[in-house]
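In what follows, a single structure is set out as structure tokens and then discussed.
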Amino acid sequence: MKANMKLKNRYDKIASTSVYTLGFIGVIILSMIIFYVTTKGLSLVSWDTITGDSATINTNVYLDTGAGTYIPDATLSEEIYYSETWGIGLIDTRDREGHPIIEIAYLHPNSPLLVSLDKNNSDEEGNPIEIEIKLNTAIEKAIFNNFTSFAFLTDGAEVMRDQFDQATSISDLTVQIVGGGIRGSVITTFWMIGLTLVLSVPIGVSTAIYFNEFAKRSRFSSVIRSLVDMLTGVPSIIYGLLGAAVFIPLLNSTIGTGGGSVLSGALTMAVILLPTIIKSTEEALKIIPDDLRKGSLALGANQTQTIFNVVLPNATPGILTGVLLGIGRIMGESAALIFAVGAVIKDSVFLTERSSTLAVHIWVIMGGEAPNFELAAAIAIIILVVVFVINFIVKIFAHQLQKNMNWS
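If you're matching positions, the sequence shown starts at 753 in the numbering used here and goes up one per residue.
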């Protein structure tokens, strides 16, 4: 007897030690991932990144205002060559491909360069479009004083700064305004979340109600439940093929979309989420005590009234958990959406056109010969923050609902 107890205690210690060890390893791995993503991309997480354009603009600009005096409102490093005449600080650096460039490292808040005029693009009335020169804009060539003085990339930042100081007017700047903004992907992601939930939640919840409250136990219902369980484990890329083969041609023939679109992506994601919402809703309905149903029926309510006025409100916290899982799935999905929507990064989002969510945006910028690890990490941070905020809001809402329940 004692030997059996010792053996049992030994097994318990081995099991508990294994659990603690594996759990510790898991925490370390997650911490390392979060640390890497944070250190790599936190510097790019800003309002300008979230709301900025993704496309890099190469154009020529000029100013219709003259020089002035702009004292910097911050201490600049020795590497920055600052022109008080125009309120611009230049630095010699290299682009992602390693080529030398002259980049704007500081702009005075009142610098006239903030309102530059585009030489290559005009509005509908023929007037030049205003362009805001931003930090990290690269300057390839500068022409001053009615084309009488020049400065080139090969001259270096210091020489170009000296030319800025001596100039009374700026006739032409060849600039490259670096994009990297994710505004379009953010908008697409929220559109995808909203449309997918609108399509999948009513169908999923209704299906779960039918299975749990109305359907009789039969071989047919068992087969349907088994199919739902099977669909939960289907790889998302298979659903992407479904979207490309079914939803895209369907929308092309009905509303005239030209290939993949946000709508076809939402339909595909709705199919992906249906099994999750059905299962989570059904489990939430199963834990509702039968006493509540019987009490409602005893008071004269019919079955439909009991379901919608008693059972469903009490099951809402569990349903919200399924919805929360669905939102996380939408934000993290990429394979299916590459097929069903496309992988086109756009600043203007239209439901009938291709676009990209945040996850697909990461996939795009990490492809090619020069993957952008910094921006990818910044987008990952934004995804984590959005999921955390949505999780927090849903948990608070579910907690308030739980407090109003009189059963446990």
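We put the beta carbon where it would ideally sit given N, CA and C, even for glycine.
- By the Cβ test, the region 1091 to 1098 is in contact with the region 985 to 998, since at least three Cβ pairs between them sit closer than 8 Å.
- Among the bridge pairs identified by DSSP, LYS792 is matched with none.
- For LYS893, the uninterrupted beta strand (DSSP E) run begins and ends at 890 to 896, by DSSP.
- In the DSSP annotation of this structure, ILE1007 is not part of any alpha helix (DSSP H), being labelled neither H nor E.
- Looking at the DSSP output, TYR834 shares a beta bridge with GLY841.
- Distance from the CA atom of ASP1043 to the CA atom of VAL957, rounded to whole angstroms, is 22 Å.
- Shown here, TYR858 sits in a strand according to DSSP, grouped into three states.
- Just so you know, the alpha carbons of GLY878 and ASN872 end up roughly 11 Å apart.
- In the DSSP assignment, PRO880 forms a beta bridge with SER874.
- Short of 6 Å from the beta carbon of VAL1101, and not among the five residues preceding or following it, lie these beta carbons of its own chain, in chain order: GLY936, ILE939, THR940 and SER1107.
- With a cut-off of 8 Å on Cβ pairs, the region 1119 to 1130 is not in contact with the region 1020 to 1030, counting fewer than three such pairs.
- Ranked by Cα distance from PRO1065, the options LEU1051, MET1083, ARG1045 and GLY1080 are led by ARG1045.
- PRO1001 and MET982 have their alpha carbons spaced roughly 26 Å apart.
- Bounds of the beta strand (DSSP E) holding ASP924 are 922 to 929.
- In terms of CA proximity to ILE785, ALA1132 leads the group HIS1151, ALA1132 and VAL1137.
- In the DSSP annotation of this structure, the continuous segment of the beta strand (DSSP E) that includes TYR814 starts and ends at 809 to 814.
- Positions of the alpha helix (DSSP H) runs, each at least 4 residues long and wholly inside the region 1061 to 1104, are given as 1064 to 1084 and 1087 to 1092 in order along the chain.
- Rounded to whole angstroms, ALA997 and SER874 show a C-alpha spacing of 41 Å.
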